[in-house]
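**Q**
Numbering (my numbering), first residue to last: -13 to 229.
1) Can you tell me the Cβ-Cβ gap for residue 125 and residue 118, rounded? I've got them flagged as a contact below 8 Å.
2) Keeping to the same chain, check which residues put their C-beta closer than 6 Å to that of residue 36; ignore five residues upstream and five downstream.
3) Helix, strand or coil: which one does DSSP assign to residue 208?
4) Can you list the alpha helix (DSSP H) stretches of 4 or more residues lying completely in the segment 18 to 94, in chain order?
5) Which class does residue 143 belong to by DSSP, given the choice of helix, strand or coil?
6) Is it true that the segment 154 to 166 meets the segment 174 to 182, where meeting means three or more beta-carbon pairs spaced less than 8 Å apart?
7) Tell me whether residue 39 is buried or exposed, calling it buried when 16 or more other Cβ atoms sit within 10 Å of its Cβ.
8) Give me the Cβ distance between residue 101 and residue 74, rounded to the nearest whole Å; I'm assuming they're in contact under 8 Å.
9) Taking the continuous alpha helix (DSSP H) assigned at residue 174, which residues delimit it?
10) Please identify the residue among 229, 204 and 97 whose C-alpha is closest to the C-alpha of residue 223.
11) In the DSSP output, which residue or residues are listed as bridge partners for residue 157?
12) Could you give the distance in angstroms between the alpha-carbon of residue 31 and the alpha-carbon of residue 211?
13) I'd like to check one pair, residue -3 with residue 226: are the Cβ atoms closer than 8 Å?
14) Measuring alpha carbon to alpha carbon, tell me which of 123, 143, -7 and 71 ends up nearest residue 87.
15) Could you tell me the boundaries of the alpha helix (DSSP H) in which residue 106 lies?
16) Since residue -1 is in the alpha helix (DSSP H), which residue starts that stretch and which ends it?
17) Where does the unbroken beta strand (DSSP E) through residue 236 begin, and where does it stop?
18) Going by DSSP, what residues sit across from residue 215 in a beta bridge?
19) Could you tell me whether the Cβ atoms of residue 141 and residue 170 are closer together than 8 Å?
20) Tell me which residue opens and which closes the alpha helix (DSSP H) that residue 123 is part of.
21) Roughly how many angstroms separate the alpha carbons of residue 94 and residue 64, rounded to a whole number?
22) Check whether the Cβ atoms of residue 60 and residue 15 sit closer than 8 Å, and answer yes or no.
23) Under 6 Å Cβ to Cβ from residue 50, same chain only, skipping five residues before and after it: list those, please.
24) DSSP on residue 152, reduced to helix/strand/coil?
25) Between the alpha carbons of residue -11 and residue 66, how many angstroms are there, rounded?
26) Between the Cα of residue 196 and the Cα atoms of 77, 0 and 13, which residue gives the shortest distance?
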């Protein structure tokens, strides 16, 4: 159940819209259903714009249709779209938002400070669930982690993100290649709580607490201390969303 006011927030470690994500996604669908069937539900493909955003949208639509939620794309592929009053009006009416994976830098650059993103946040404050996977989850933290130099370089540099979850930098795909980002992330964002999230796994905030859902685990790294949480466990030490 969504807590009064703000809707649930889900940070997913990647491989979204695939089997294994049902535990967190079913909770999000339930929260959206409580807001009424007459309001739209949206996938946001901003992070995928340099890959195949049409495929990402189609995959998301099939996945959530199977879970009982019809979704459509909120067109935020460019900063011009994100500044559009008509797109912002559509966002303001939304009851569900999911930022898919892709490029962690372009997502923040496109959305930050725009009318449409402000409208998304307004809808979330009124109870709409807000989720992001991989690059989408990274964008929701205080910092996102972008590639330091060239493709394949494990080193990451911190950049300001959208700040829905304060004081954190999300590391997706944590049980795989994401774990290799930790040394550079600690160096470039020393004050951040690093949130390592395995694929097809979500850190879900609802009813005032964070809990692990899905196939894998969530790891918090802060102040030289590392703590791991398995599916079903409450995540202690992860700040509540605040925007």
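Backbone N, C-alpha and C define an ideal beta-carbon position, used for all residues, glycine too.
**A** So, from the data block:
1) Counting from 1 along the chain shown, the entry for residue 125 is found at position 139. Counting from 1 along the chain shown, the entry for residue 118 is found at position 132. At roughly 6 Å, the Cβ-Cβ gap stays under 8 Å, so residue 125 and residue 118 are in contact.
2) If you number the chain shown from 1, residue 36 lands on position 50. Cβ within range, chain order: 89.
3) Along the chain shown, one-based indexing puts residue 208 at 222. It is a strand residue.
4) As far as the segment 18 to 94 is concerned, its whole alpha helix (DSSP H) runs of at least 4 residues are 39 to 52, 65 to 68 and 71 to 78.
5) The residue given as residue 143 occupies position 157 in the chain shown. The answer is strand: DSSP assigns residue 143 an E or B state.
6) Because the criterion of three Cβ pairs below 8 Å is met, the segment 154 to 166 and the segment 174 to 182 touch.
7) By 1-based counting over the chain shown, the position of residue 39 is 53. With at least 16 other beta carbons inside 10 angstroms of its own, residue 39 counts as buried.
8) Residue numbering aside, residue 101 sits at position 115 when the chain shown is read from its first letter. Residue numbering aside, residue 74 sits at position 88 when the chain shown is read from its first letter. 4 Å between Cβ atoms; contact.
9) Reading the chain shown from its first residue, position 188 is the one you call residue 174. Taken as a continuous stretch (DSSP letters only), the alpha helix (DSSP H) holding residue 174 covers 168 to 174.
10) Counted from its first residue, the chain shown places residue 223 at position 237. Nearest option by C-alpha distance: 204.
11) For the purposes of this step, residue 157 is taken as the residue at position 171 of the chain shown. Its beta-bridge partners are 182.
12) If you number the chain shown from 1, residue 31 lands on position 45. If you number the chain shown from 1, residue 211 lands on position 225. Rounded to the nearest angstrom, the two C-alpha atoms are 34 Å apart.
13) Along the chain shown, read from residue 1 onward, the residue named residue 226 stands at position 240. Along the chain shown, read from residue 1 onward, the residue named residue -3 stands at position 11. Not a contact, by the Cβ cut-off of 8 Å.
14) Within the chain shown, numbered from 1, the residue matching residue 87 stands at position 101. Distance check between residue 87 and each of 123, 143, -7 and 71 places 123 closest, using alpha-carbon atoms only.
15) Position 120 of the chain shown holds residue 106. Element bounds for residue 106: 101 to 111.
16) On the chain shown, residue -1 is found 13 positions in, with the first residue counted as 1. Residue -1 -> no alpha helix (DSSP H), and no H or E assigned at all.
17) Within the shown structure, residues of the chain are numbered from -13 to 229, placing residue 236 beyond reach of any answer.
18) Against the chain shown, residue 215 aligns to sequence position 229. Per DSSP, 204.
19) The count along the chain shown starts at 1 and reaches residue 141 at position 155. The count along the chain shown starts at 1 and reaches residue 170 at position 184. For residue 141 and residue 170, yes; Cβs fall inside 8 Å.
20) For the purposes of this step, residue 123 is identified with residue 137 of the chain shown, where counting begins at 1. 121 to 125 is the span of the alpha helix (DSSP H), which, as asked, contains residue 123.
21) One-based indexing of the chain shown puts residue 94 at position 108. One-based indexing of the chain shown puts residue 64 at position 78. The C-alpha of residue 64 is placed about 11 Å away from the C-alpha of residue 94.
22) Along the chain shown, one-based indexing puts residue 60 at 74. Along the chain shown, one-based indexing puts residue 15 at 29. The answer is no: Cβ separation not under 8 Å.
23) Taking the first residue of the chain shown as position 1, residue 50 is located at position 64. The residues are 57.
24) Looking up residue 152 in the chain shown gives position 166. In the three-state reduction of the DSSP assignment, residue 152 falls in the strand class.
25) Taking the chain shown and counting its residues from 1, one reaches residue -11 at position 3. Taking the chain shown and counting its residues from 1, one reaches residue 66 at position 80. Residue placement at residue -11 is poorly supported in this model, since its pLDDT is 41, which falls under 50; the coordinates are not used for a value here.
26) Walking along the chain shown from the start, residue 196 turns up at place 210. The residue with the shortest Cα to Cα distance from residue 196 is 13.
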